[in-house]
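Protein chains: 2
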Amino acid sequence: MAKVVIIGAGLMGSAMSWPLSGNGHEVCLVGTHLDDEVIDRCKSQRLHPRLNRELPGTVIPFFFHDVDQALDGADLIISGVSSPGVDWIAEVLSGRIRAGQQILSITKGIRIDDRGKVRLFPDIIAESFPLNVRNTVIPVAVGGPCIAGELAAGRQTCVMFGSRDIEAARSSARLLSTSYYHPRITEDLLSVELGVAMKNAYTVAVGIAYGMHAPDAAGANTHNTAAALFAQGCHEIGGLLRLTGGDERMASALPGAGDLYVTSAAGRTMTLGKMLGGGKTYAQAEAALRGVTLESVQIIREMGKALSIWESEGSIRSRSFPLLRMLVDIVVNGGKVEIPFEDFYKDV
Amino acid sequence: MAKVVIIGAGLMGSAMSWPLSGNGHEVCLVGTHLDDEVIDRCKSQRLHPRLNRELPGTVIPFFFHDVDQALDGADLIISGVSSPGVDWIAEVLSGRIRAGQQILSITKGIRIDDRGKVRLFPDIIAESFPLNVRNTVIPVAVGGPCIAGELAAGRQTCVMFGSRDIEAARSSARLLSTSYYHPRITEDLLSVELGVAMKNAYTVAVGIAYGMHAPDAAGANTHNTAAALFAQGCHEIGGLLRLTGGDERMASALPGAGDLYVTSAAGRTMTLGKMLGGGKTYAQAEAALRGVTLESVQIIREMGKALSIWESEGSIRSRSFPLLRMLVDIVVNGGKVEIPFEDFYKDV
Chain A
209 MAKVVIIGAG LMGSAMSWPL SGNGHEVCLV GTHLDDEVID RCKSQRLHPR
259 LNRELPGTVI PFFFHDVDQA LDGADLIISG VSSPGVDWIA EVLSGRIRAG
309 QQILSITKGI RIDDRGKVRL FPDIIAESFP LNVRNTVIPV AVGGPCIAGE
359 LAAGRQTCVM FGSRDIEAAR SSARLLSTSY YHPRITEDLL SVELGVAMKN
409 AYTVAVGIAY GMHAPDAAGA NTHNTAAALF AQGCHEIGGL LRLTGGDERM
459 ASALPGAGDL YVTSAAGRTM TLGKMLGGGK TYAQAEAALR GVTLESVQII
509 REMGKALSIW ESEGSIRSRS FPLLRMLVDI VVNGGKVEIP FEDFYKDV
Chain Y
209 MAKVVIIGAG LMGSAMSWPL SGNGHEVCLV GTHLDDEVID RCKSQRLHPR
259 LNRELPGTVI PFFFHDVDQA LDGADLIISG VSSPGVDWIA EVLSGRIRAG
309 QQILSITKGI RIDDRGKVRL FPDIIAESFP LNVRNTVIPV AVGGPCIAGE
359 LAAGRQTCVM FGSRDIEAAR SSARLLSTSY YHPRITEDLL SVELGVAMKN
409 AYTVAVGIAY GMHAPDAAGA NTHNTAAALF AQGCHEIGGL LRLTGGDERM
459 ASALPGAGDL YVTSAAGRTM TLGKMLGGGK TYAQAEAALR GVTLESVQII
509 REMGKALSIW ESEGSIRSRS FPLLRMLVDI VVNGGKVEIP FEDFYKDV
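Spelled out as structure tokens, the structure:
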């Protein structure tokens, strides 16, 4: 049995405890400095307040100040922070990482550098490590449909573990694989990470469709509109993968269509989209959602940077990725919802 | 303004009246011999009883016995029957078709011939035409998210018109294009038709996920499972397109992911899936749904034939298309729901 340390006691990080504990591993669930209340409840009542479930048997909760004790002898470290915490976790790990350490990142997002290059969170974390260990640590990332509460409930799902070293992906997947959590593996880390990030952006578009109209007297909803935007989202994810050297087929797989489907089923990103579809400006929606982490917005902003760099260097046309452009216009420029159907389904 | 004749007064055929009439075209809505009651209400009250909406102004309802009068001078004929009616509509048109006639098929489904070749409905219809007109009639088919009631309500959608003659697709699309109905065009008829047919089959799988569990006390649903099956469905549609000479990118576009999304949002195919996921055998579910046209079942049966021919001739492996195989096993062999996650996301 292995020792696995999860850093970040949010929904998704914490939910990973269930398959790990079910497999008999020792699980150290370490809260960040923002998770003290959660860890307190975990310690005093064995209850995870955000998942509203009793912690499985082999899980040991830790406050952040005990992180060194938790990390001692870890076989696998799971970075369970949300995207604003990526630089923080990089710093936390940089002074503590051992050569050859296995790391699994579950954070969803990307960054775009000043030359328009896509930077992946697992790489951003690894780049903070001391030179002598950096090349011995090959991070793994996971993507695919996984609502945390459903994972903790033991509902079936299938996800994709990606790493440039397939053995690293296989090894992490083996620790987590259960009768209900089915990891598949791939060497295509870029496609996993970009697919997972982009589904957050395009979920806003699906939400917009549902915000545009309430069902009418004859019961007509806006599923057609949602589906058209869903499909254009998948289509553009495929185009982004092709453009950045990924595998465009991932657009119709777990980190693309699968993750977009599940994120469109519920949650705060849909709430944002519905507000925008209902006529709120982004500023108004942001004010109404204050305090909620909107990874989708950060991703849309980064992609706005990317589109503008790619266009100025001639890699894409001025009307490529029309749905993403609409999202950027709404979030960055305070633009209105005007769906550019006439530009859909051209080569992007 | 054109004269457009729709044959079949079911939900989808009838709903096409709205964009056509909105564009000012004369629309003859001809019921089949099964639609007499519908046409009666359309004539006496200007109300379409199944859509529960008043017919638009330029629509003229016809009983089937007046089909010749309706067809006189038609610029476009829309075949609006469901899949069991394909041979019937072929026979109806074979004696009445003019050289150069434009035809648009909205029927969802496919057939597999004895050598495992995919046969498309538009081709089956065209093959019934007399030799001297057959090559002058190049059918168009439509796929993509389009719930009939939403189309009639003027809710936005984007669909794909496919024809081997792009001008034929363009010409039909022009008649129907409105501010809310946005047809895109493609020469890839096969991918449109196969994508649209297969989404019916894979919707059963999505339904199965939702039938497996009710939400639990902590609110956990089965969106993860549904999304994993959704993505595997898209992945297998891509594999089927590659195998049959289509464009696998259509798997993540309107006739694939888009149409699968909308069909999974509601309807009888989901109802069948939920029954199967809840533990009913196919025979039990069929009995409970008696009288409902299940195009999905017909498609699954045809694909069962295809898989077995393709496997015996060595075109596919014995575990290729694992989700489709599960559906075939359930429908054809009365098998149980056992999701083959371990075979997912391999090359199909």
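Line order of the protein sequences matches chains A and Y. Counting in this note's numbering, the first sequence runs from 209 upward without gaps. Counting in this note's numbering, the second sequence runs from 209 upward without gaps. Even for Gly, the Cβ is constructed at its ideal location relative to N, Cα and C.
Residue 340(Y) sits exposed, since fewer than 16 C-beta atoms from the chains shown fall within 10 Å of its C-beta.
The Cβ of residue 411(A) sits no closer than 8 angstroms to any Cβ of chain Y.
Relative to residue 309(A), the option among 532(A), 345(A), 444(A) and 281(A) whose CA is nearest is 345(A). With the criterion set as a beta carbon lying under 8 angstroms from some beta carbon of chain Y, the members of the stretch 420-451 of chain A are 420, 421, 424, 426, 427, 428, 429, 430, 431, 432, 433, 434, 435, 436, 438, 439, 440, 442, 443, 445 and 446, in sequence order. Nearest to residue 215(A) by alpha-carbon distance, out of 418(A), 388(A), 269(A) and 238(A), is 238(A). Residue 220(Y) holds the alpha-carbon nearest to the alpha-carbon of residue 316(Y) among 550(Y), 220(Y) and 451(Y). Interface residue (Cβ-Cβ distance to chain Y less than 8 angstroms): residue 547(A) is classified as such. Considering only beta carbons, the part of the stretch 343-367 of chain A lying closer than 9 angstroms to chain Y consists of 352, 353, 354, 355, 357, 358, 359, 360, 361, 362, 363, 364, 365, 366 and 367, in chain order.
Residue 482(A) sits close to residue 418(A), with the two beta carbons spaced by under 8 angstroms.
In the DSSP annotation of this structure, the continuous segment of the beta strand (DSSP E) that includes residue 211(A) starts and ends at 211-215. Taking 8 angstroms as the threshold, the shortest C-beta distance from residue 408(A) to chain Y does not fall below it.
Chain-ordered, the chain Y residues with CB closer than 9 angstroms to the CB of residue 462(A) read 435, 436, 439, 440, 443, 552 and 553. Interface criterion not met: the Cβ of residue 238(A) is under 8 angstroms from no Cβ in chain Y. Interface with chain Y (8 angstroms Cβ-Cβ cutoff): residue 221(A) is excluded. Bounds of any alpha helix (DSSP H) do not take in residue 263(A), whose DSSP letter is neither H nor E. The residues 236, 237, 238, 239, 247, 277 and 278, in chain order, have a CB closer than 8 angstroms to that of residue 270(A) in the same chain once the five nearest residues on each side in sequence are set aside. For residue 470(Y), the chain A residues whose Cβ falls inside 8 angstroms of its Cβ are 431, 432, 434 and 435, in order along the chain. If you check each beta-carbon in the stretch 243-274 of chain A against every beta-carbon of chain Y, the ones closer than 8 angstroms belong to 259, 260 and 261.
In terms of CA proximity to residue 225(Y), 288(Y) leads the group 440(Y), 495(Y), 288(Y) and 447(Y). Separation of residue 392(Y) and residue 364(Y) (C-alpha to C-alpha, rounded to the nearest whole angstrom) is 14 angstroms. With fewer than 16 other Cβ atoms from the protein chains shown falling within 10 Å of its own Cβ, residue 252(Y) counts as exposed.
Taking residue 259(A) as the centre and dropping the five residues before and after it, the same chain places the C-beta of 219, 222, 223, 356, 357 and 360 closer than 7 angstroms to its C-beta, in chain order. Cβ atoms of residue 463(Y) and residue 324(Y) stay farther apart than 8 angstroms, at about 22 angstroms. Looking at the DSSP output, residue 390(Y) shares a beta bridge with 366(Y). Per the DSSP secondary-structure output, residue 238(A) pairs in a beta bridge with 215(A) and 270(A).
Within the model, the alpha-carbon separation for residue 327(A) versus residue 286(Y) is close to 50 angstroms. At a cut-off of 8 angstroms between beta-carbon atoms, residue 466(Y) makes contact with chain A. Rounded to whole angstroms, the separation of the alpha carbons of residue 319(A) and residue 250(A) is 33 angstroms. Here residue 413(Y) has 437, 441, 481, 531 and 535 as same chain residues with Cβ atoms under 7 angstroms from its own Cβ, once five neighbours each way along the sequence are excluded. Listed by position along chain Y, the residues whose Cβ is nearer than 7 angstroms to that of residue 459(A) are 460. Any Cβ of chain Y closer than 8 angstroms to the Cβ of residue 405(A) would place that residue at the interface, and such an atom is absent. The count of Cβ pairs closer than 8 angstroms, one atom from the stretch 476-496 of chain A and one from the stretch 482-502 of chain Y, stays below three, leaving the stretches out of contact. At least one CB atom of chain A sits nearer than 8 angstroms to the CB of residue 474(Y). For residue 445(A), the secondary structure class from DSSP, reduced to helix, strand or coil, is helix. Listed in chain order, the non-local C-beta contacts of residue 545(A) below 7 angstroms within the same chain comprise 416, 484, 485 and 538, local neighbours out to five positions each way being set aside. Look at the stretch 369-393 of chain Y: the residues with a C-beta under 8 angstroms from a C-beta of chain A are 390 and 392.
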